[in-house]
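Count along the sequence shown from 1, add 798, and you get the number used in the working numbering. All residues carry an ideal CB built from backbone N, CA and C; glycine is no exception. These numbers come from a predicted model, not from an experiment. These notes concern the structure reproduced below.
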Amino acid sequence: MSIGHRLKDLRAAQNLTAQQLADMMGVSRPHITQVENGRRGLSVDLVQALEEATGVNTNWLLLGKGDMFSKDTSSATSASTQDLDEFMRLLAGRHPDVVLHLRSIIRGQNALTEKDRRALLDLISIAMEQASDAIKSRVKDVDPEGI
799 MSIGHRLKDL
809 RAAQNLTAQQ
819 LADMMGVSRP
829 HITQVENGRR
839 GLSVDLVQAL
849 EEATGVNTNW
859 LLLGKGDMFS
869 KDTSSATSAS
879 TQDLDEFMRL
889 LAGRHPDVVL
899 HLRSIIRGQN
909 ALTEKDRRAL
919 LDLISIAMEQ
929 ASDAIKSRVK
939 DVDPEGI
């Protein structure tokens with residue numbers, strides 16, 4: 799199986815469109831589809847961005863060895879980080895510019911301390927909970943009997 803096929807499998811596993819993945823990576827949709835179709839290779843920067851954004855195992859992506867996702871037991875795979883990843887996937891379709899900015903902060907390009915990073919993750923978790931509650935409330939208002 800080629801890198802392009804594995805990239806397609808990764809997108810499918812993450813429930814991402816080519817456009818959503820492109821937005822998350824800061825490249826165009828045609829760039830992603832060219833990689834998937836074997837007409838373009840992956841740069842080191844793009845491989846690193848894919849690993850950071852999706853948790854993909856780079857040995858699997860590049861060589862087809864091992865599992866699709868890294869088995870990292872560090873704090874990077876905590877529930878709050880998983881919440882952040884889900885938030886970024888949801889946000890990518892509507893606000894790719896915000897996703898790129900948040901990723902630059904998280905990667906340390908804006909010198910975030912570990913304490914600040916945890917606070918950011920906690921705030922995102924709270925925002926996700928509030929959004930979920932608002933949606934449930936709106937549904938309840940539309941159909942108060944749950945029919």
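Is the segment 918-929 touching the segment 847-865, taking contact as three or more C-beta pairs under 8 Å? no
Between A925 and the ligand ATP, is there a pair consisting of the residue's CB and a ligand heavy atom that are separated by less than 7 Å? No copy of the ligand ATP appears in this structure; indeed no ligand is present at all.
Grab me the residues of G824's own chain with a C-beta within less than 6 Å of its C-beta, minus the 5 sequence neighbours each way, in chain order. For G824, where only same-chain residues beyond five positions count, the Cβ hits under 6 Å are L898.
Over the uninterrupted alpha helix (DSSP H) stretch that includes K806, give me the two end residues. 801-811
Bridge partners for V854 per DSSP, in chain order? F867
Hey, how far is the Cα of K938 from the Cα of G839? Answer to the nearest angstrom: the Cα atoms are 49 Å apart.
My assumption, with CB atoms under 8 Å, is that R804 sits in contact with G862. Please give the rounded CB distance. 7 Å
Secondary structure at R892, three-state DSSP: helix, strand or coil? coil
For N857, count neighbouring Cβ atoms within 10 angstroms of its own Cβ and tell me buried if that reaches 16, exposed if not. Exposed, by the Cβ-count rule.
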